[in-house]
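So the sequence lines, in the order shown, correspond to chains A and B. Following our numbering, the numbering of the first sequence begins with 492 at its first residue and continues without gaps. Following our numbering, the numbering of the second sequence begins with -8 at its first residue and continues without gaps. Just so it is clear, CB atoms sit at the ideal spot from N, CA and C, and this is done for glycine as well. Let me begin by presenting the structure, written as structure tokens, before commenting on it.
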Amino acid sequence: MEFCKAAKTECDKIIAKYPEKRAAMLPVLYLAEKEFGHISPEVEKYVGKLLDVPPVKVHEVMTFYTLIAAKPRGKYHFQICRGLSCDLKGCVKIIDYLSEKLGLSSDETSDDLMYTFTPVECLAACETAPMMQLNEDYYGNLTKEKIDDILKENS
Amino acid sequence: MPKITIDSTEIEVEKGTTVIQAAEQIGIDIPRYCYHPGLSIVGVCRICLVEIERMPKLQVACYTPVADGMVVHTNNEKVQQARRAVLEFLLINHPLDCPVCDQAGECWLQNFYMQHGLYDSKMVEDKVKKQKALPIGPNVMLDSERCILCTRCVRFCDEITETHELGIFNRGDHTELLPYPGQELDNKYSGNTIDICPVGALTDKDFRFRTRVWYLTETPSVCPGCSTGCNINVHHNDHRPYKAGGIRVSRLKPRYNPDVNQWWMCDEGRYGFTQVDADSRIVAPQKKTRGDWQLLSWQDAIDEIATKIKGILKKHGADAFGVILSPQMTNEGLFAAKRFFQETLEVENIDFEVVAREKGYADDFLMKADKNPNSEGAKKIGLSAVDNSGLEVAQMLADAKDNRLKALYICHHNLEKGFKKEEVKEALSKVDLVIFQGTNQNSTSNLANYCLPSASFVEKDGTFTNFAGRVQEIHKAVEPLGESKPDWTIFRNLSKRLGKSMPYFEAGDVFNALAEEVDAFKGLSYEKIGEHGVLLNGHRASTEKEMGALVA
Ligand code: SF4
Ligand code: SF4
Ligand code: FES
Chain A
492 MEFCKAAKTE
502 CDKIIAKYPE
512 KRAAMLPVLY
522 LAEKEFGHIS
532 PEVEKYVGKL
542 LDVPPVKVHE
552 VMTFYTLIAA
562 KPRGKYHFQI
572 CRGLSCDLKG
582 CVKIIDYLSE
592 KLGLSSDETS
602 DDLMYTFTPV
612 ECLAACETAP
622 MMQLNEDYYG
632 NLTKEKIDDI
642 LKENS
Chain B
-8 MPKITIDSTE
2 IEVEKGTTVI
12 QAAEQIGIDI
22 PRYCYHPGLS
32 IVGVCRICLV
42 EIERMPKLQV
52 ACYTPVADGM
62 VVHTNNEKVQ
72 QARRAVLEFL
82 LINHPLDCPV
92 CDQAGECWLQ
102 NFYMQHGLYD
112 SKMVEDKVKK
122 QKALPIGPNV
132 MLDSERCILC
142 TRCVRFCDEI
152 TETHELGIFN
162 RGDHTELLPY
172 PGQELDNKYS
182 GNTIDICPVG
192 ALTDKDFRFR
202 TRVWYLTETP
212 SVCPGCSTGC
222 NINVHHNDHR
232 PYKAGGIRVS
242 RLKPRYNPDV
252 NQWWMCDEGR
262 YGFTQVDADS
272 RIVAPQKKTR
282 GDWQLLSWQD
292 AIDEIATKIK
302 GILKKHGADA
312 FGVILSPQMT
322 NEGLFAAKRF
332 FQETLEVENI
342 DFEVVAREKG
352 YADDFLMKAD
362 KNPNSEGAKK
372 IGLSAVDNSG
382 LEVAQMLADA
392 KDNRLKALYI
402 CHHNLEKGFK
412 KEEVKEALSK
422 VDLVIFQGTN
432 QNSTSNLANY
442 CLPSASFVEK
452 DGTFTNFAGR
462 VQEIHKAVEP
472 LGESKPDWTI
482 FRNLSKRLGK
492 SMPYFEAGDV
502 FNALAEEVDA
512 FKGLSYEKIG
522 EHGVLLNGHR
532 ASTEKEMGAL
542 VA
């Protein structure tokens, strides 16, 4: 378990920005997640080695942030908002619809590692409620039809 | 040096002192959970909040360094309210297992609730459930619901043992203290996490459901597990012995000594006391007749042994007599033995050291390879073979094998730890009179003609000298089991029967006589040893040196 050359260079750059290695934990974990898909126990140990801390310290940070993937995630990660504004605009139905379409319930990943379905708290885009985030992009004013279209585009 | 005012008392303290420490100096005890003087400061529990004038908000006393002119209030209405609020938060998801929790009676949630809480609970919601009765290592049981996340145990494993087994995982009210996945809390000092856990989250497997702590009595003592001599308290069950199934000593806890063990002790010592209540205890004098042990009264035992000793000395001379004393004995036992064998019997073959064939575990913290508490004392009292130009233990056994030794007086040792089983057996079988004196039966006692019962370390007063030359006191916590007596009493009685009385009535008398006679002990007195011990002459070891890596 090791970063490729490019990632290693980037990692070194990140670490160099901080007065102590340990402080680079979050950006290095982010990089590691991008590189390895998720933070497995092996990745934890590797990150610990890079930052000169015992793996248990990496595990503490990793479990604190639900944003960091502890398990493998699908190619398409649906994070659908269940916050107050979205709820007021009827997100419950949309969430159920998406869940049914994907055949996944909360926090599940499909066996073929294509889809991960995660209801989340507010994503700070209430003006487009109900909304969701698919990988890096926001999709707002969701309807069942819109969901169908998005699924068609991303499969 | 900054001058500050705490609850209208003015005090001048070293720069860098924290408010909690400054308050301690004038006897004000600010409540704390996460703060522990032996660990780094994190300021996470917030129970120590105090008001500092001209600061907008309450401050944590454990983390705030004093500044000149500071005016601190540790107990006004605002502070009391904050403490109540902190307790209320800590108890939101607390299971209140008190009736079945081992910590009850020594729990800081209970204590502080009674001192600072006393609010009516507003919680009507269900509590968050977490893992209970989870064994996380060979000695420690975790109840995650009871944990208040103070991180003391985590810091202990990070900073003291540097083994990093524990961590705080997840977030919010799902936050949980656990070992790193796949790892156990299995280090040589794991029991200390139980001591410093302020609540019932970490409890001792060995002590689980044994007894409620309010039935225990504490007696200060010294761990006999190795030559470090960690200071301890012996917790014994005097109040409800019928509930304990004959187990009088319930547990050992470390006792603070800045020069020796600070707040800690190792697990080997902590759990190594079981022999004091074991079935193997020798509880009365006994002799072997035709292969069977037969009990004797002390009077008869002393009479018979004295007669036999006299006979052998007369017939074969002192050269045919060997004495193997033990570094498990107190200074008092050793000194009385020295007087008895050297002066009363004029025997020269005296030694105490049996080098263990299996080397004991040692590290650069507390644990020493020499698993005896008083080797240094025995050396200083002059009980090595070289001091007496007598035979070493190995030579005694060789002589015995060649029929040159007619009597052997063995104290405490299991000779098999230093020599091969068959060798010991063969040697002892050729000696006319083998006397074993000790606390427990072992393979050596089984080869003796007479066994005399010694009181164990929890059953007598006395002193041990640790590896650094520190003389420290042990105290009688429970009565000697059966007919057992302190070693020095046995030698005094034997000596009297053989014509020379020793005017000793208490361990202190023996120690004071020793201090008069043995150079290294000159100037010391039993009364002046005190709770942290005193160094022998010529042992002005600096604290750092004595504690080794502890300070580094
Ligand atoms: S930890 Fe303290 S308050 Fe909690 S159940 Fe145990 S005794 Fe009671
Ligand atoms: S287990 Fe005890 S010592 Fe460890 S964090 Fe919890 S309350 Fe603190
Ligand atoms: S003791 Fe000060 S914050 Fe815990």
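- DSSP assignment within the region 264 to 340 of chain B yields the following whole beta strand (DSSP E) runs of 3 residues or more, N-terminal first: 277 to 280, 283 to 286, 312 to 315.
- The beta carbon of B:Phe103 is closer than 7 Å to those of Pro22, Ile38, Leu78 in its chain, skipping five residues each way along the sequence.
- A heavy atom of ligand 2 is found nearer than 7 Å to the CB of B:Ala192.
- Rounded to whole angstroms, the separation of the alpha carbons of B:Phe496 and B:Cys89 is 46 Å.
- Separation of B:Leu40 and B:Met105 (C-alpha to C-alpha, rounded to the nearest whole angstrom) is 17 Å.
- The region 458 to 473 of chain B makes no contact with the region 302 to 309 of chain B: fewer than 3 CB pairs, one atom from each, lie closer than 8 Å.
- Chain B places no beta carbon closer than 8 Å to that of A:Glu533, leaving this residue out of the contacts.
- Nearest to B:Cys53 by C-alpha distance, out of B:Ile32, B:Ser492, B:Lys69, is B:Ile32.
- Counting along the chain, B:Ala398 sits inside the beta strand (DSSP E) bounded by residues 398 to 402.
- Per the coordinates, the alpha-carbon of B:Leu243 lies some 5 Å from the alpha-carbon of B:Val225.
- A distance below 8 Å between beta-carbons, with the five flanking residues on each side excluded, links A:His529 to the following residues of its chain, in chain order: Ala560, Ala561, Lys562, Pro563, Arg564.
- Distance between B:Glu507 and B:Val501, taken at the CA atoms: about 10 Å.
- When secondary structure is reduced to three states using DSSP, B:Met(-8) falls in the coil class, being assigned neither helix nor strand.
- The nearest non-hydrogen atom of ligand 3 is less than 7 Å from the C-beta of B:Ala52.
- With a threshold of 8 Å between beta carbons, A:Val538 makes no contact with chain B.
- Neighbourhood of A:Phe555 in chain B, by CB distance below 9 Å: Ile159, Phe160, Asn161, Arg162, Thr166, in chain order.
- With a threshold of 8 Å between beta carbons, A:Glu524 makes no contact with chain B.
- Interface residue (Cβ-Cβ distance to chain B less than 8 Å): A:Val611 is not classified as such.
- Between the C-alpha atoms of B:Asp229 and B:Val267 there is a straight-line separation of about 15 Å.
- In this structure, ligand 2 has a non-hydrogen atom nearer than 7 Å to the beta-carbon of B:Cys138.
- Its Cα nearest to that of B:Asn405, the residue B:Lys416 stands out among B:Leu396, B:Lys416, B:Ala398.
- Within the DSSP secondary-structure output, B:Phe455 pairs in a beta bridge with B:Gln463.
- B:Met114 and B:Thr194 have their C-alpha atoms some 27 Å from each other.
- At least 8 Å separates the beta-carbon of B:Phe147 from that of B:Ile185.
- For B:His155, no alpha helix (DSSP H) segment is defined, and its DSSP state is neither H nor E.
- Think of a sphere of 8 Å around the beta carbon of B:Tyr180: no beta carbon from chain A falls inside it, the nearest being about 17 Å out.
- In this structure, B:Cys144 has its beta carbon less than 7 Å from a heavy atom of ligand 2.
- Where B:Gln12 is concerned, the enclosing alpha helix (DSSP H) starts and stops at 10 to 16.
- Less than 8 Å divides the Cβ of B:Met256 from the Cβ of B:Pro245.
- Taking a Cβ-Cβ cut-off of 7 Å, the neighbours of B:Tyr171 in chain A comprise Pro546, Val547, His550, given in sequence order.
- For B:Tyr441, the enclosing beta strand (DSSP E) covers residues 441 to 444.
- For B:Gly34, the Cβ falls inside the 7 Å cut-off from some heavy atom of ligand 3.
- For B:Glu156, the closest of B:Tyr171, B:Thr142, B:Arg162 by C-alpha to C-alpha distance is B:Tyr171.
- By alpha-carbon distance to B:Gly429, the top candidate from B:Gly237, B:Trp479, B:Trp205 is B:Trp479.
- Within the model, the alpha-carbon separation for A:Asp640 versus A:Met623 is close to 14 Å.
- Going by beta carbons, B:Ala418 and B:Ile300 fall outside the 8 Å limit.
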